[in-house]
Amino acid sequence: DLNRIFIGGDSGGANITHAMMRNIRKEGLPGNNAKVEGIIMVHPYFGDNCKQWLRMNPINEGPQDPRMKPATEDLANLKCDRVLVFLAEIDPLRPAGDNYVEAIKKSGWKGGLEVVDNKGRMHNFHITNYTDEETIIIDERIKAFINKGKGEN
1 DLNRIFIGGD SGGANITHAM MRNIRKEGLP GNNAKVEGII MVHPYFGDNC
51 KQWLRMNPIN EGPQDPRMKP ATEDLANLKC DRVLVFLAEI DPLRPAGDNY
101 VEAIKKSGWK GGLEVVDNKG RMHNFHITNY TDEETIIIDE RIKAFINKGK
151 GEN
């Protein structure tokens, strides 16, 4: 169903998700009915070594490039209805996720924002600890987020 596209990623994959949404905002999606309903970001990471990132991406807008620091970008025109963000409580990379959430809130974006705090957990703990209760919460919340408004499931 091209009216219910979901894009998501863990860590750097959340950065890719944001970059895709930025491109969709600029260029749109092919087809008349295609629409991103929601994005899912699990423990987002947007880069913390500016010099390395700039060297790896020679075509960039400097240290405030919105692909690296999306909080600098106007998120009011995010082209989806809902955003789900997971933040790990003791993640050293958490400030990037916190900044993203705050930027969405301040932008005036009209969609629905859900934020889940994985208490006492590190960055991407769910990748290797798939039976952890917080991993199960991630799985269940993602399923509920995707199925919301879809009907029975």
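In the working numbering, the protein residues as written are 1 to 153. Cβ coordinates follow ideal geometry from the N, Cα and C atoms, glycine included.
Residue range Gly12 to Glu27 is occupied by the alpha helix (DSSP H) that includes Gly12. Taking every protein chain shown into account, the CB of Leu78 has 16 or more other CB atoms within 10 angstroms, so this residue is buried.
Only residues of its own chain outside the window of five on either side were considered, and among them His43, Met122 and His123 have a CB closer than 7 Å to the CB of Asp91, listed in chain order.
A contact between stretches requires three or more CB pairs, one per stretch, nearer than 8 Å, and the stretch 99-108 fails this requirement with the stretch 129-143.
The C-alpha of Glu37 lies about 6 Å from the C-alpha of Arg82. Asn147 sits in a helix when the DSSP states are folded into three classes. Under the three-state reduction of DSSP output, Met56 falls in the helix class.
Glu61 sits in coil when the DSSP states are folded into three classes, being neither helix nor strand. Residue environment: Ala88 is assigned as buried (16 or more neighbouring CB atoms within 10 Å of its CB, all protein chains considered). Here Asn33 has Leu2 and Asn3 as same chain residues with Cβ atoms under 6 Å from its own Cβ, once five neighbours each way along the sequence are excluded. With contacts defined by Cβ atoms closer than 9 Å, Leu84 and Ile142 form a contacting pair.
Per DSSP, the continuous alpha helix (DSSP H) segment holding Ala96 begins and ends at Arg94 to Ser107.
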